[in-house]
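As structure tokens, the structure follows; a few thoughts come after it.
2 protein chains.
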Amino acid sequence: MNTSRIGIVGVGRMGANMARRLKDRGFVLTAIYDVDATRAQSLAAELGAVAPTSLAALTAAADIVLTVVTDDAAMQTIFFDPTDSLLADAAGRVFLNCATLSPQMHLAVDAACARAGASALECCMASSITQAREGSLYLMIGGNRAVYEQALPVLEALSTSPRYVGEAGEAAKVKALVNMVMNINTAGLAEGLGLADALGLDLNMIREIFGQTGAASRVLVTDGEDMQNRDHTCYFSAAHAAKDSGIALALAGQTGLSLPLAAAATAQFERMQQLGLGELDKSGIAELTFLGRSARPA
Amino acid sequence: MNTSRIGIVGVGRMGANMARRLKDRGFVLTAIYDVDATRAQSLAAELGAVAPTSLAALTAAADIVLTVVTDDAAMQTIFFDPTDSLLADAAGRVFLNCATLSPQMHLAVDAACARAGASALECCMASSITQAREGSLYLMIGGNRAVYEQALPVLEALSTSPRYVGEAGEAAKVKALVNMVMNINTAGLAEGLGLADALGLDLNMIREIFGQTGAASRVLVTDGEDMQNRDHTCYFSAAHAAKDSGIALALAGQTGLSLPLAAAATAQFERMQQLGLGELDKSGIAELTFLGRSARPA
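Chains as they are written, first to last, in the working numbering: chain A, 371 to 668; chain B, 371 to 668.
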């Protein structure tokens with residue numbers, strides 16, 4: 371029986387379902403925090419935890435803290451806000467940082483945790499809400515290997531196969547690469563289905579043929595039918611896709627690489643944001659590539 | 371036992387192996403033609419066929435003619451050259467046209483065959499050399515359904531599951547879409563692996579992680595390791611990739627669609643041609659996206 375007290379910061383679609391999963395697996399969920407206090411209180415009531423009003427109080431109530439926030443800016447706030455942060459009296463705590471962030475942010479958090487006598491791991495997730503709820507997330511872990519082994523019971527409750535990738539910052543790089551390629555494949559699939567539709571071809575047949583040929587991909591399975599049916603219920607938002615591809619492009623820029631496909635995919639997801647479609651699922655990129663849909667939300 | 375006499379025009383990597391496969395399956399291969407007469411003679415000797423010096427003589431020696439040529443220009447020559455063409459005295463012949471062509475060329479050939487009292491099918495292939503040799507091509511068939519049923523014994527010797535797509539011209543559209551999406555995924559994968567390499571990440575690990583996540587695709591399986599190892603032995607050339615994506619872009623232009631990912635992928639494969647890398651396998655696109663490889667053949 372694992373008796374570590376677990377706190378969770380950020381209980382949107384992913385964090386809330388990871389919290390439910392940990393509760394199901396018998397972990398002691400003590401505290402929940404969210405920038406939306408109502409959301410935190412609601413989930414805390416559901417799971418029998420408290421919803422402290424400060425980040426410092428969350429750290430005080432937990433041995434292991436999962437952070438599942440939106441982006442670098444949110445991470446900056448929860449770790450580095452001088453008026454209230456997770457690092458007040460954080461000695462001995464283990465922070466499992468699950469958001470998709472820039473490698474630099476992971477490195478900064480890792481160093482700050484060390485200064486505070488705490489430990490940190492990058493736990494980059496390459497799956498979605500269903501997998502969060504079922505404990506089958508694909509997790510890429512970066513950081514100190516001893517900390518990884520210490521955190522393994524929690525990681526294994528969330529993931530059937532947590533994958534240790536390397537030192538701090540490495541997992542964020544891998545995650546950015548995964549999403550960069552996924553976003554390219556998604557944007558390309560939306561073009562293929564959009565053109566098929568414009569040519570009057572049957573999209574059920576086209577998806578079947580794509581699946582049997584060199585056009586096959588994971589996103590064909592996860593997003594193809596949704597693109598056809600305009601079902602853009604959000605699992606992974608276009609805004610997140612734009613952010614993650616942007617992280618990859620920034621890394622490419624640092625190495626001097628030119629990546630035209632990644633740039634084109636990023637521009638498409640950014641265009642969705644500009645059109646107010648950023649909170650659609652990434653499959654919503656098909657709204658840009660089907661005749662008669664352009665720039666209109668589903 | 372099928373006693374139709376079969377002729378083949380165009381015995382490059384694909385056509386030669388399709389000929390061998392048909393011979394293995396007991397079909398009567400009577401005549402072989404190639405723009406490279408030596409190549410035709412060599413294969414004819416291997417398979418016990420003749421290598422006539424004119425296209426008209428090939429048609430005279432066959433009931434069913436497979437055409438496996440390079441592109442629209444080659445197709446124009448073999449069907450429409452006024453001095454020598456497959457359509458001289460072609461009444462009753464069935465032409466199975468396997469090259470990736472523009473839909474317009476398939477329609478033109480279909481109409482010319484009808485005027486000559488012959489039949490034609492588009493038999494678009496979405497597989498490569500190994501599948502040609504083994505009879506496991508993915509074939510997308512366009513044309514008259516009665517002709518399709520007449521040709522089924524030959525088609526089933528070449529393909530475990532020939533797929534009837536629709537009227538003449540439809541299969542070529544589907545094939546162009548398949549290759550457009552495949553080429554985008556290929557170009558995107560080359561960017562992902564190139565950036566991973568530039569970041570010092572282990573490419574074996576990266577390919578494994580891509581395969582477990584939303585970055586997974588058929589081209590990851592077929593081309594990922596070759597990109598890493600710079601093994602660009604040609605199965606499907608960069609020049610063909612550029613051509614097929616160009617067909618798709620032309621179709622998109624006719625419908626008024628803008629497809630930025632397809633345009634970016636096409637530009638990359640065209641750049642390979644400009645750099646003299648057009649005869650590398652499509653995996654050779656990684657020569658453009660890895661630091662220290664740029665513009666250099668493997």
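We treat Cβ as the ideally placed atom computed from N, Cα and C, and that holds for glycine.
No experiment lies behind these values; they were computed from the predicted model shown.
Residue environment analysis places A/E561 among the buried positions, since at least 16 neighbouring C-beta atoms fall within 10 angstroms of its C-beta. Shortest Cα-Cα distance from A/H476 to any of A/A414, A/A460, A/L627 and A/C493 involves A/C493.
If you check each beta-carbon in the stretch 451–480 of chain A against every beta-carbon of chain B, none falls closer than 7 Å.
B/R533 is bridged by DSSP to B/M510. Against chain A, a Cβ distance below 9 Å from B/N574 picks out nothing, because the smallest value is about 12 Å. In the displayed model, A/D459 falls within coil according to three-state DSSP, outside both helix and strand.
For A/G581, the enclosing alpha helix (DSSP H) starts and ends at L573 to Q582. Counting along the chain, A/C493 sits inside the beta strand (DSSP E) bounded by residues S489 to M495.
Assigned with DSSP and collapsed to three states, A/V420 falls in strand.
Judged by DSSP secondary structure, B/R375 falls within the beta strand (DSSP E) whose first and last residues are R375 to V379.
DSSP places A/F449 within a helical segment (H, G or I) once states are collapsed to three.
Beta-bridge annotation (DSSP): A/N467 is paired with A/T437 and A/E492. Contacts with chain B (Cβ-Cβ distance below 9 Å) from the stretch 546–565 of chain A involve A546, L547, V548, N549, M550, V551, M552, N553, I554, N555, T556, A557, G558, L559, A560, E561, G562, L563, G564 and L565, listed in chain order.
Of the residues assessed, A/L413 falls on the buried side of the cut-off, its CB having 16 or more other CB atoms within 10 angstroms.
Pairwise C-beta distances place the stretch 576–589 of chain B out of contact with the stretch 504–522 of chain B, as fewer than three of them are shorter than 8 Å. Against chain A, a Cβ distance below 7 Å from B/F580 picks out V548 and V551. Taking a Cβ-Cβ cut-off of 9 Å, B/S506 has no neighbours in chain A, whose nearest Cβ is about 11 Å from it. A/D480 sits in a helix when the DSSP states are folded into three classes. The Cβ of B/Q598 sits no closer than 9 Å to any Cβ of chain A.
For A/E537 and A/R515, the gap between their C-alpha atoms comes out near 8 Å. For A/V479 and A/A634, the gap between their C-alpha atoms comes out near 31 Å.
In the three-state reduction of the DSSP assignment, A/V405 falls in the coil class, being assigned neither a helical nor a strand state. Rounded to the nearest whole angstrom, the C-alpha separation of A/A460 and A/T437 is 14 Å. When C-beta distances to chain A are compared with 7 Å, the residues of the stretch 480–502 of chain B below that value are A496, in chain order. Counting C-beta pairs closer than 8 Å gives three or more between the stretch 609–623 of chain A and the stretch 637–644 of chain A, which meets the contact rule.
For B/A566, the closest of A/G505, A/D442, A/I378 and A/K543 by C-alpha to C-alpha distance is A/K543.
Three or more Cβ pairs closer than 8 Å define a contact, and the stretch 579–594 of chain B falls short of that threshold against the stretch 613–628 of chain A. Annotation: the continuous alpha helix (DSSP H) that includes B/I499 extends over I499 to E504.
Contact between A/A656 and A/L563 is confirmed by a C-beta separation of about 6 Å, below the 8 Å threshold. Under the three-state reduction of DSSP, A/T400 is assigned to strand. By the neighbour-count definition (other C-beta atoms within 10 Å, threshold 16), B/D442 is a buried residue. What B/K613 touches in chain A, judged by beta-carbon distance under 7 Å, is nothing: the nearest beta carbon there is about 15 Å away.
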